[in-house]
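Residues in the sequence shown are numbered consecutively from 1, following UniProt numbering.
Let me begin by presenting the structure, written as C-alpha cells, before commenting on it.
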Amino acid sequence: MSTTATRGAVIPAGTLTFTSAGQGVTTATAVGAHLGARIVRLDVVRIAAGRTWALSRAAHEENVMVVFAGPGTAASGAHTREVTRGDAVYSPTGDTLGMTAAGTDVTVYLWRSRLLPGRRPGAAPARFSRLWNTDTQLTGFTGTGQAPASRRTAPMNFLFWPGTGSPQLCLHCGCMQAGEYFNVHVHPDSEEAFIVFEGTGQLHLDGEWIDAAPGDVLFAPPGVPHGTRHPATDPAAPRFATCGGPTPFDPVLYQRAGLSTEVK
Numbered sequence: 001m002s003t004t005a006t007r008g009a010v011i012p013a014g015t016l017t018f019t020s021a022g023q024g025v026t027t028a029t030a031v032g033a034h035l036g037a038r039i040v041r042l043d044v045v046r047i048a049a050g051r052t053w054a055l056s057r058a059a060h061e062e063n064v065m066v067v068f069a070g071p072g073t074a075a076s077g078a079h080t081r082e083v084t085r086g087d088a089v090y091s092p093t094g095d096t097l098g099m100t101a102a103g104t105d106v107t108v109y110l111w112r113s114r115l116l117p118g119r120r121p122g123a124a125p126a127r128f129s130r131l132w133n134t135d136t137q138l139t140g141f142t143g144t145g146q147a148p149a150s151r152r153t154a155p156m157n158f159l160f161w162p163g164t165g166s167p168q169l170c171l172h173c174g175c176m177q178a179g180e181y182f183n184v185h186v187h188p189d190s191e192e193a194f195i196v197f198e199g200t201g202q203l204h205l206d207g208e209w210i211d212a213a214p215g216d217v218l219f220a221p222p223g224v225p226h227g228t229r230h231p232a233t234d235p236a237a238p239r240f241a242t243c244g245g246p247t248p249f250d251p252v253l254y255q256r257a258g259l260s261t262e263v264k
C-alpha cells in the first residue's frame, strides 16, 4: 500500500482485512478515517450464498453499491431488483440498502457519505444502473493540467450524478482500451475513492503510476492529482475498467461534458 496522511493511498485488494458481521457476512473498510477521509467511506462486503446483508436506515447518509461478484437481489428502500456483477444500486438518504446472495457468494463495494449542509436528494432519484450504461458520458477529458495530457482519452459513463437525483455521492465508470487514459486531474473540494473493476492497468497518485488489478482501491484527498491509464500496447488486450467518483461530486466533470449540475 502506498500512503501518507495527505497523499492518499492505493490499496491492493489482497491487503484488506475482513471481520465478521455475523450471519454469513464479512466486511472490510478500504477507505475511511484511517486514511484521513472525512467525507467518504468505502467498504467491501462479502455475503455468503443464501444470506442477506442490510445497511441500517441512516437519516442523513447517502449510499452507492456496486456488485463486484455474484448474483443476488438488491433492495433500495422499497425497491428491489435482481442484480449481478457490474450492476449498481443507489440508496438516497433515509432509505435502507441491502443484498441477498443467490446460489453463490456475493461481493459488493459500498460508498457511504453523510450529506453536507444544504444538500438534498432529487424528487425521484434513479436507484439502479449498470457500469456499462453509456446513456450519459464525458469524452475527450484532458485533465486539469497537473501532468501532460494524452489525446487517447477513454470515455467515462455517468451512472449516478446530479442528473439522476444524487446530491453528493456519484458513480462513474471509465472503460479504457489499450493505450487510453483518463487524464490526471484534481478535485479541489472532493475526496476521490474508486476501484479497479476489471482488467489490469495503472493508477496515478500524486506523480506516481502504480500497477493495479481488480478489487484494488485508490483514495485521493482534495487537491491530490490522480488518474488512470491502460498501458498495454496490444490492441486486443482486455479493457481496463474503474468505477467510483469524487465526493461531493465535482461540477467540473459535468460542465466539461456540457451537462447541468442541478440535482433533478
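Quick reminder that beta carbons are idealized off the backbone N, C-alpha and C, glycines included.
Keep in mind the model is a prediction, meaning the values are calculated, not measured.
- The beta carbons of G24 and G50 sit closer together than 9 angstroms.
- With 16 or more other CB atoms across the displayed protein chains lying within 10 angstroms of its CB, D95 is buried.
- The beta carbon of D43 sits closer than 6 angstroms to the beta carbons of T27, T29, L110 from its chain, once the five residues preceding and following it are set aside; these are given in chain order.
- In the three-state scheme derived from DSSP, where H, G and I count as helix and E and B as strand, T93 is classed as coil.
- Partner residues in a beta bridge of T142, as assigned by DSSP, do not exist.
- The closest CA to that of G14, considering only D216, H172, Y254, is found on D216.
- Beyond the five residues adjoining it in sequence on each side, H230 comes within less than 6 angstroms, by CB distance, of M176, A178, E180, G201, F240 in the same chain, given in chain order.
- Annotation: P246 to A102 spans about 31 angstroms, alpha carbon to alpha carbon.
- Contact between V196 and A220 is ruled out by a C-beta separation of about 14 angstroms, above the 8 angstroms threshold.
- Per DSSP, the continuous beta strand (DSSP E) segment holding V217 begins and ends at 217-220.
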